[in-house]
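Chemist: I'd like to ask some things about the structure below.
2 protein chains.
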Amino acid sequence: MTPSFEALQKQLKKLPGIGYRSSERMAIHLLLEKPESCQALINALEGARKNVSSCQCCGNICESELCSICENGRRLETGQVCVVEHVSDLLSLEKSGAYGGAYHVLHGKLSPINGVGPEDLNIESLLKRAEQGNVEELILALPNDIEGEATCHYLIDLLEPFSINVSRIGFGLPSGGSVIYADAVTLRSALEARLKF
Amino acid sequence: MTPSFEALQKQLKKLPGIGYRSSERMAIHLLLEKPESCQALINALEGARKNVSSCQCCGNICESELCSICENGRRLETGQVCVVEHVSDLLSLEKSGAYGGAYHVLHGKLSPINGVGPEDLNIESLLKRAEQGNVEELILALPNDIEGEATCHYLIDLLEPFSINVSRIGFGLPSGGSVIYADAVTLRSALEARLKF
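Encoded structure:
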C-alpha cells in the first residue's frame with residue numbers, strides 16, 4: 054500500500070454502496086489492471102463536473118438552466134408534479150414510462166436524527182412553483198418509511214394554502230410478489246390501500 | 054439523462070463489481086449530492102495515476118522502482134516467493150500477518166476461454182527471479198478452480214529446471230466452517246489435504 058493508492062482508495066470508499074474491499078479492488082483495477090480506464094474516468098468526471106448541474110426548476114440533472122423534462126411544454130401542461138427523494142427515483146419512474154407529468158427532486162428526506170431539516174432539502178423552489186400556480190396535482194413518491202412519511206406530512210402542511218390536490222403513490226405487494234414473502238409493514242400498507250374490484 | 058452524465062456512468066460501470074444501478078447512483082452522488090467529492094476523486098485518481106506503478110520485481114503496487122516488500126532485505130532472505138493472482142490477494146495475505154517472505158503477482162491466471170495465455174501474465178519476471186537463484190521455495194497461492202490449477206501446473210513445468218521447492222497453499226474447511234455447509238469440492242480437497250493429528 055502506497056500513500057497515493059491509499060488516498061485513491063479512501064475517495065472511492067466514499068461512493069455510495071462501496072466498502073473497503075470494493076474500493077481496494079476498484080483502485081487496483083484502475084491503476085494496474087486497466088490503466089487506460091483511469092484516464093477515461095478522469096475525463097468523464099471532469100466533463101460531467103463542468104457540464105452537469107441541477108435544474109433550477111425541479112432539481113433534476115441537466116446541462117443547461119432547465120432539464121429536458123422542464124423544457125417540455127407538454128409535460129408541464131399536465132399540471133402534475135411528482136415529488137421524489139433522489140434523481141435516481143426520477144430516472145426509475147422515467148424508465149417505467151408510467152408517468153407523463155413534471156417532477157420535483159428533494160435531494161433527500163427529513164431526518165432529524167441525521168440532522169437533515171427542511172432547509173437542507175430542495176423545498177423552497179417547490180414552494181415557488183406552487184406560488185406561480187403551475188401545480189394542480191402533487192404526487193408524493195417518497196419512500197414508505199418513517200422519514201418519508203414525515204416529509205410527506207411536512208409538505209402537505211406547507212402547501213395547504215395553495216389548494217393543490219396532493220396524493221401519494223400506492224403501497225402494497227410488488228408485481229410478482231406473494232403474500233407469504235411480504236413483511237408486516239407491506240401487508241398493512243396493502244390492506245389499507247385496497248381498491249374495490 | 055444528459056450526455057456528460059451518461060459518459061460518466063459508462064466509465065463507472067466499467068469498474069469491477071459495478072452494475073447499471075450502482076453506476077447511476079455513484080454518478081448522481083458525485084455530481085449532485087456531494088459535488089465536492091468529485092474534485093477530490095479526480096485529484097486522487099490523478100495523483101495515483103502519476104505516482105503508482107507496478108513493482109519491477111514482483112508486480113505489487115509501488116511508488117518507486119521496487120515495492121516496500123521487495124526493498125525489505127529480510128523478506129527476500131527467506132528465499133520464499135508466494136505467487137498470487139492479484140494484488141488484492143497479496144494485500145489479504147499481508148493483512149493476515151501469516152507470511153514473511155516475498156511475493157510474485159501474476160495479474161491473472163491462465164484462461165484459454167477468455168484468451169488469457171502465459172504471455173498475458175507476469176510470468177517472465179518470475180522466470181528471471183528463478184534464474185537469478187534467489188528463489189528457494191515457491192508457494193502457489195492461486196485459486197482452487199480449474200484455471201488456478203492449470204496455472205499451477207504451467208508454472209511447475211516451467212520452473213522444473215531450477216530445482217525450486219514448489220508448494221501450494223492448503224485447501225479445506227475455512228476457519229469456523231462446518232462440514233455440513235461445505236460444498237463437495239471443498240470436502241474433497243479437505244480429505245485429500247488431511248494431516249496426521
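Protein chains in written order, with the numbering used here: chain A, 54 to 250; chain B, 54 to 250.
In this text, a Cβ means the ideal position worked out from N, Cα and C, and glycines have one as well.
1. Taking its Cβ as the centre, do 16 or more other Cβ atoms sit within 10 Å of A/Tyr73, making it buried, or is it exposed?
2. I think B/Val136 touches B/Leu191, with their Cβ atoms under 8 Å apart; what is that distance to the nearest whole Å?
3. State the DSSP-derived secondary structure class of B/Val123, mapped to helix, strand or coil.
4. Along chain B, in chain order, which residues have C-beta atoms closer than 7 Å to that of A/Val140?
5. Under a CB-based cut-off of 8 Å, is B/Arg128 close to chain A?
6. Among A/Phe215, A/Cys123 and A/Glu200, which one has its Cα closest to the Cα of A/Asn167?
7. Is A/Ile114 helix, strand or coil by DSSP?
8. Taking a contact to mean a Cβ-Cβ separation below 8 Å, would you say A/Leu174 touches A/Tyr156 in this structure?
9. Closest by CA to B/Gly154, which one among B/Ile233, B/Glu189 and B/Val134?
10. Name the residue from B/Arg78, B/Ser57, B/Val232 and B/Glu118 whose alpha carbon lies nearest to the alpha carbon of A/Ser95.
11. Out of curiosity, what's the CA-to-CA distance linking B/Ile217 and B/Ile233?
12. For A/Asn197, which residues from the same chain have a beta carbon less than 6 Å from its beta carbon, with the 5 sequence-adjacent residues on both sides left out?
13. Quick check on B/Leu163: does DSSP put it in helix, strand or coil?
14. Step through the CB atoms of chain A and report whether any lies within less than 8 Å of the CB of B/Arg247.
15. For B/Glu91, decide whether its Cβ has a neighbour in chain A, counting only Cβ atoms nearer than 8 Å.
16. So what does DSSP say about A/Arg74, is it helix, strand or coil?
17. At what residue ranges does the stretch 215-239 of chain B contain a whole run of the beta strand (DSSP E), taking only runs of 3 or more?
18. Check whether the stretch 92-110 of chain B and the stretch 91-111 of chain A touch, using three or more Cβ-Cβ pairs below 8 Å as the test.
19. Are the CB atoms of A/Met79 and B/Leu68 within a distance shorter than 8 Å?
20. Any contact between the stretch 103-123 of chain A and the stretch 101-112 of chain B? By contact I mean 3 or more CB pairs, one from each, below 8 Å.
21. Determine the DSSP secondary structure at B/Val188, reduced to helix, strand or coil.
22. Given a limit of 7 Å on CB to CB distance, which residues of the stretch 104-133 of chain A reach chain B?
23. Excluding five sequence neighbours on each side, which residues of the same chain lie with their C-beta closer than 8 Å to the C-beta of A/Val169?
24. What does DSSP give as the partner residues of A/Leu193 in its beta bridges?
25. Which word fits B/Val238, buried or exposed, when buried means at least 16 other C-beta atoms lie within 10 angstroms of its C-beta?
26. Could you please give the first and the last residue of the uninterrupted alpha helix (DSSP H) stretch that includes A/Tyr207?
27. Determine the closest residue to B/Leu179 out of B/Ser228, B/Arg221, B/Arg241 and B/Gln109, with distance taken between C-alpha atoms.
Modeler: Inspection of the coordinates gives the following:
1. In the first sequence, counting from the first residue as 1, residue 73 of chain A sits at position 20. By the 10 Å Cβ count, A/Tyr73 comes out exposed.
2. Numbered from its first residue, the second sequence carries residue 136 of chain B at position 83. Numbered from its first residue, the second sequence carries residue 191 of chain B at position 138. Their Cβ separation, rounded to whole angstroms, is 6 Å, which keeps B/Val136 and B/Leu191 in contact under 8 Å.
3. Here residue 123 of chain B corresponds to residue number 70 of the second sequence, with the count starting at 1. Residue 123 of chain B is actually Cys in this sequence, not Val. If DSSP states are grouped into helix, strand and coil, B/Cys123 belongs with coil.
4. One-based indexing of the first sequence puts residue 140 of chain A at position 87. Result: Ile81 and Leu85.
5. Numbered from its first residue, the second sequence carries residue 128 of chain B at position 75. So no, B/Arg128 is outside the interface.
6. Your numbering for residue 167 of chain A matches position 114 in the first sequence. Here the closest residue by C-alpha is A/Glu200.
7. Looking up residue 114 of chain A in the first sequence gives position 61. In the structure shown, A/Ile114 sits in a strand (DSSP, three-state: E or B).
8. As a working note, residue 174 of chain A is residue 121 in the first sequence. As a working note, residue 156 of chain A is residue 103 in the first sequence. Result no, Cβ atoms of A/Leu174 and A/Tyr156 do not sit closer than 8 Å.
9. Here residue 154 of chain B corresponds to residue number 101 of the second sequence, with the count starting at 1. Taking only the C-alpha atoms, the option nearest B/Gly154 is B/Val134.
10. Here residue 95 of chain A is taken as the residue at index 42 of the first sequence, counted from 1. Rather than Ser, the amino acid found at residue 95 of chain A in this sequence is Ile. Ranking B/Arg78, B/Ser57, B/Val232 and B/Glu118 by Cα distance to A/Ile95 puts B/Ser57 first.
11. As a first step, residue 217 of chain B is located in the second sequence; it is residue number 164 there, counting from the start. As a first step, residue 233 of chain B is located in the second sequence; it is residue number 180 there, counting from the start. Approximately 38 Å, taken between the alpha carbons.
12. Walking along the first sequence from the start, residue 197 of chain A turns up at place 144. Hits under 6 Å: Phe224.
13. Here residue 163 of chain B refers to the residue found at position 110 when the second sequence is read from its first residue. Coil, per DSSP.
14. Locating residue 247 of chain B in the second sequence gives position 194, where the first residue counts as 1. With 8 Å as the cut-off, B/Arg247 does not count as an interface residue toward chain A.
15. Position 38 of the second sequence, counted from the first residue, corresponds to residue 91 of chain B. Sequence inspection shows Cys at residue 91 of chain B; the Glu mentioned does not correspond to that position. Yes, B/Cys91 counts as interfacial toward chain A.
16. Position 21 of the first sequence, counted from the start, is the residue given in the question as residue 74 of chain A. Helix, per DSSP.
17. 218-221
18. yes
19. The sequence position of residue 68 of chain B within the second sequence is 15, counting from 1. The sequence position of residue 79 of chain A within the first sequence is 26, counting from 1. Yes, Cβ-Cβ distance for B/Leu68 and A/Met79 is below 8 Å.
20. no
21. Against the second sequence, residue 188 of chain B aligns to sequence position 135. Three-state result, B/Val188: coil.
22. Asn104, Val105, Ser107, Ile114, Cys115 and Glu116
23. To locate residue 169 of chain A, count along the first sequence from 1; it is residue 116. Result list for A/Val169: Gly161, Lys162 and Leu163, in chain order.
24. Indexing the first sequence from 1 puts residue 193 of chain A at position 140. Partner(s): A/Val136 and A/Arg221.
25. To locate residue 238 of chain B, count along the second sequence from 1; it is residue 185. Counting Cβ neighbours within 10 Å, B/Val238 comes out exposed, since fewer than 16 surround it.
26. Against the first sequence, residue 207 of chain A aligns to sequence position 154. Residues Ile199 to Leu211.
27. For the purposes of this step, residue 179 of chain B is taken as the residue at position 126 of the second sequence. With distances taken between Cα atoms, B/Leu179 lies closest to B/Gln109.
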